[in-house]
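S.K.: If you want this note's numbering, it's the position in the sequence shown, counting the first as 1, plus 251. Heads up, the beta-carbon is just placed ideally off N, CA and C, and yes, glycines get one too. Bear in mind the structure is a predicted one, so any value in this text is a computation, not a measurement. Here it is: the structure, laid out below.
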Amino acid sequence: MRNLLHCRRTPNRTSLHWASFGICAVILSLGVFFGDVRAHEGTGSATPSAERRLKIISIVTGNPMLTVSDGDGQQVFDLSPEAEVRLNGAPASVQSLQSGDSLTVELDDQHHVISVDVHRIQAGIILQVSQDKIELTTDYTDRHRFRIAENAALLLNGAAVDFQGLQRGDHVQVFPDPSGQAVRVEVTRQSALAEFWDNFRHNLFKPLLLFFYMGFSVPLLKIAFEFPHVIYQGLTMYLLISIGWHGGEELADLSGGVLKQALLFMMVGFFTNFVIGSGAYGMLRKFIPRMRRVDAATVAAYYGSDSAGTFVTCLGVLVAANIKYAAYMPVMLAVMEIPGCLVGLVLVAKLRTHGMDALGNMPDEPGYIPPAPLLPVEHTQLDDRPPVEEPAVVKSQATGHGHGSGAAGGIFNAELLREVFFNPGLFLLFGGILIGFVSRLQGHKVTDADDSLFVNLFQGMLCLFLLEMGMTASKRLKDLQSAGWRFILFGLLAPNLFATFGIAMAHLFSMLMGAPLQLGTYALFAVLCGAASYIAVPAIQRLAIPEASPTLPLAASLGLTFSYNVTIGIPIYILISQLVIMAFPVHGA
Numbered sequence: 252m253r254n255l256l257h258c259r260r261t262p263n264r265t266s267l268h269w270a271s272f273g274i275c276a277v278i279l280s281l282g283v284f285f286g287d288v289r290a291h292e293g294t295g296s297a298t299p300s301a302e303r304r305l306k307i308i309s310i311v312t313g314n315p316m317l318t319v320s321d322g323d324g325q326q327v328f329d330l331s332p333e334a335e336v337r338l339n340g341a342p343a344s345v346q347s348l349q350s351g352d353s354l355t356v357e358l359d360d361q362h363h364v365i366s367v368d369v370h371r372i373q374a375g376i377i378l379q380v381s382q383d384k385i386e387l388t389t390d391y392t393d394r395h396r397f398r399i400a401e402n403a404a405l406l407l408n409g410a411a412v413d414f415q416g417l418q419r420g421d422h423v424q425v426f427p428d429p430s431g432q433a434v435r436v437e438v439t440r441q442s443a444l445a446e447f448w449d450n451f452r453h454n455l456f457k458p459l460l461l462f463f464y465m466g467f468s469v470p471l472l473k474i475a476f477e478f479p480h481v482i483y484q485g486l487t488m489y490l491l492i493s494i495g496w497h498g499g500e501e502l503a504d505l506s507g508g509v510l511k512q513a514l515l516f517m518m519v520g521f522f523t524n525f526v527i528g529s530g531a532y533g534m535l536r537k538f539i540p541r542m543r544r545v546d547a548a549t550v551a552a553y554y555g556s557d558s559a560g561t562f563v564t565c566l567g568v569l570v571a572a573n574i575k576y577a578a579y580m581p582v583m584l585a586v587m588e589i590p591g592c593l594v595g596l597v598l599v600a601k602l603r604t605h606g607m608d609a610l611g612n613m614p615d616e617p618g619y620i621p622p623a624p625l626l627p628v629e630h631t632q633l634d635d636r637p638p639v640e641e642p643a644v645v646k647s648q649a650t651g652h653g654h655g656s657g658a659a660g661g662i663f664n665a666e667l668l669r670e671v672f673f674n675p676g677l678f679l680l681f682g683g684i685l686i687g688f689v690s691r692l693q694g695h696k697v698t699d700a701d702d703s704l705f706v707n708l709f710q711g712m713l714c715l716f717l718l719e720m721g722m723t724a725s726k727r728l729k730d731l732q733s734a735g736w737r738f739i740l741f742g743l744l745a746p747n748l749f750a751t752f753g754i755a756m757a758h759l760f761s762m763l764m765g766a767p768l769q770l771g772t773y774a775l776f777a778v779l780c781g782a783a784s785y786i787a788v789p790a791i792q793r794l795a796i797p798e799a800s801p802t803l804p805l806a807a808s809l810g811l812t813f814s815y816n817v818t819i820g821i822p823i824y825i826l827i828s829q830l831v832i833m834a835f836p837v838h839g840a
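Written out as structure tokens, the structure reads:
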């Protein structure tokens, strides 16, 4: 405890500069946050004390009863035949009410219901609109059609318009009457930049990122705190199993056609990340020619893989924003981790055949150590000592292979293949998927009890995980001091390029299959393409590529790319996905 609470008293000037910068950023961010909160409060209106905002859970129409929820618990109300019922301002009956409707009830002094005012809103994004019809979607895979009433109110950003003022892609709220006709249509339109800023601003202060900021500030402020490694291991194990568990539950509810689509999409994902890993190596060689080729190959392997931390963070953002995604995406996390490992192994094997020395330098790179010539040794009668065995390093240089080539005569030996396909991360993820799948096949009663652990606690565990990740990312920044500005720029720009390429590949797959994908599926696929590994590939590097720098790839993947993705990247990828979906619509069969 004494070591944990001990604080250094003489921080250096660089630390003070970082601390000052961090404090200013926090103050500015809090100003934006509280300004937004105050503006939001200013637009609110007080609810009369005699009314309560509730949500319908169930309805009994025989002897009219409503079971409602106020967010804290459930209540049951008896409705007398004289009670007035209105749906979106129009007279309605109890039979027209639906589960999920929002309502306010007015009670008399004896707590009897004297009126029910129901609000039913269908929110989504406009797909098509005409003079008397409007079609919208909530997740780009479903379609909801409404006939517009003759005297319906059409509002665009609060101003009255006709149907010609509405456009495809506008955010819309439709208020239907008891017959299903839209009596009020409220449309919100903003520029792509404004929409990104709105999403970014609201995502900036979610608990997930606040924990990441707190962890990031620990090394900068020289707080003498170390996150216990065993707890980090436990959190990683929990998150991987939880992702697999929930994914397995969802997979059990899918039809055969969706499973076939999932298998084909996995093949697309594998190919996409393999192309990204190969492209990353070409980019590094082109724009950072002074970087050693073995380091470029290793960094490319990191970017050709994916990041479980970024994936679970994106899951948290999508759940908080109520954005749907395909149930098979956790399986994609496992499949798309493998290509980067293979890219790195193939590139380094090629470098070894072209004369890379034991330190990882090529013949045309500084510091190269040429292999020592093998001179024949003559033994005479005066020298009865046994021949001296050559060092392993000399042998490997003479044969044109470096360390890590493997005992089986090639880089793809049994140990490495086992590490690629049976590493602990993949084992826990696939194990969770299998257990969740088999358990859900037995019914919801079997899985409901375990959902309290693997589903309900997920967000809280993810917050603790991001606390540790923030600390690790901040510590890795110092490794970038000798990397150069070109490498730093690569770590910040490459995620955008690779994620956009992933979105394009996902949409091409969607168009070829004639099956629309959900917005969350695009976002998660973009994250899997734009992220960089920090678990699987480092383990492969220790086994097979010891010549490469152990700090440079992690500095890029954690210090730059991970930090960028979880703060700025995810909202950008969601926005790009929306623009692509609306610009090139896919009509389902």
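1. Go ahead and label H758 buried or exposed: buried means 16 or more other beta carbons lie within 10 angstroms of its beta carbon, across all protein chains shown.
2. Looking only at C-alpha atoms, which of I620, P540, L490 and M613 sits nearest to G676?
3. Tell me, to the nearest whole angstrom, how far the beta carbon of L718 is from that of F476; I am working on the premise that it is less than 8 Å.
4. Kindly list the residues whose CB is nearer than 6 Å to the CB of D329, restricted to its own chain and excluding five residues on each side of it in sequence; keep chain order.
5. Would you mind stating whether G555 and G499 have Cβ atoms separated by less than 7 Å?
6. What does DSSP give as the partner residues of S320 in its beta bridges?
7. What is the DSSP secondary structure of T439, counted as helix, strand or coil?
8. Identify every residue that forms a DSSP beta bridge with A433.
9. Going by DSSP, what residue range makes up the alpha helix (DSSP H) through I821?
10. Mapping the DSSP letters down to three states, classify T818 as helix, strand or coil.
11. Could you name the residues of the same chain whose beta carbon sits closer than 7 Å to that of R543, not counting the 5 residues immediately before and after it, in chain order?
12. I need the DSSP call for R603, collapsed to helix, strand or coil.
13. Let me check understanding here. Comparing Cα to Cα, which of A341, V526, A745 and M580 lies closest to S366?
14. Starting from the Cα of A403, find the closest Cα among D428, H362, T723 and H605 and give me that residue.
15. Quick check on A750: does DSSP put it in helix, strand or coil?
16. What residue range is occupied by the uninterrupted alpha helix (DSSP H) comprising K511?
17. Is W496 closer than 7 Å to F709 when the C-beta atoms are compared?
18. Between the beta-carbon of A410 and the beta-carbon of V364, is there less than 7 Å?
19. Using only the alpha-carbon positions, how far apart do V423 and K726 sit?
20. Which runs of the alpha helix (DSSP H), 4 residues or longer, sit entirely within the stretch 544-604?
21. Assuming A790 contacts E670 under a Cβ cut-off of 8 Å, what Cβ separation, rounded to an integer in Å, is found between them?
22. Measuring alpha carbon to alpha carbon, tell me which of W448, Q829, S808 and A734 ends up nearest I539.
23. Which stretch, first to last residue, makes up the beta strand (DSSP E) that contains G375?
24. Give me the Cβ distance between M762 and V837, rounded to the nearest whole Å; I'm assuming they're in contact under 8 Å.
25. Between the beta-carbon of I352 and the beta-carbon of V369, is there less than 7 Å?
26. Identify the residues that DSSP records as bridge partners of R669: which are they?
27. Which whole-angstrom value describes the C-beta separation of F776 and M518, a residue pair presumed to lie in contact below a C-beta threshold of 8 Å?
M.R.: Taking the geometry as given:
1. It counts as buried.
2. Among I620, P540, L490 and M613, the Cα nearest to that of G676 is on L490.
3. Not quite, the Cβ-Cβ distance comes to about 10 Å (not below 8 Å), so this is no contact.
4. Answer for D329: M316, listed in chain order.
5. No. Outside cutoff.
6. The partner list for S320 (beta bridge, DSSP) reads K306 and Q325.
7. Note: T439 maps to strand in three-state DSSP.
8. Beta-bridge partners of A433 (DSSP): I399 and P427.
9. For I821, the uninterrupted alpha helix (DSSP H) run begins and ends at I821 to A834, by DSSP.
10. For T818, the secondary structure class from DSSP, reduced to helix, strand or coil, is helix.
11. Cβ neighbours of R543 beyond the five flanking positions: G611, N612 and E616.
12. Residue state, collapsed to three classes: helix.
13. The option with the nearest alpha carbon to S366 is A341.
14. For the options D428, H362, T723 and H605, the alpha carbon positioned closest to that of A403 is the one of D428.
15. Helix, per DSSP.
16. Unbroken alpha helix (DSSP H) run through K511: G507 to F538.
17. Between F709 and W496, the gap from beta carbon to beta carbon reaches 7 Å or more.
18. In this structure, A410 lies away from V364, with their beta-carbon atoms at least 7 Å apart.
19. Near 45 Å, if we compare the C-alpha coordinates of K726 and V423.
20. Here the runs fully enclosed are 544-555, 559-571, 580-586 and 589-604.
21. Contact between A790 and E670 is confirmed by a C-beta separation of about 6 Å, below the 8 Å threshold.
22. Of W448, Q829, S808 and A734, the residue nearest in Cα terms is A734.
23. It spans Q373 to V380 - the beta strand (DSSP E) in which G375 sits, taken as one unbroken run.
24. Cβ-Cβ separation between M762 and V837: approximately 5 Å, consistent with a contact (criterion under 8 Å).
25. Before going on, a small fix: residue 352 reads as Asp here, not Ile. Cβ distance < 7 Å, so D352 and V369 count as in contact.
26. In DSSP, R669 forms no bridge with anything.
27. F776 to M518, Cβ: 13 Å. No contact.
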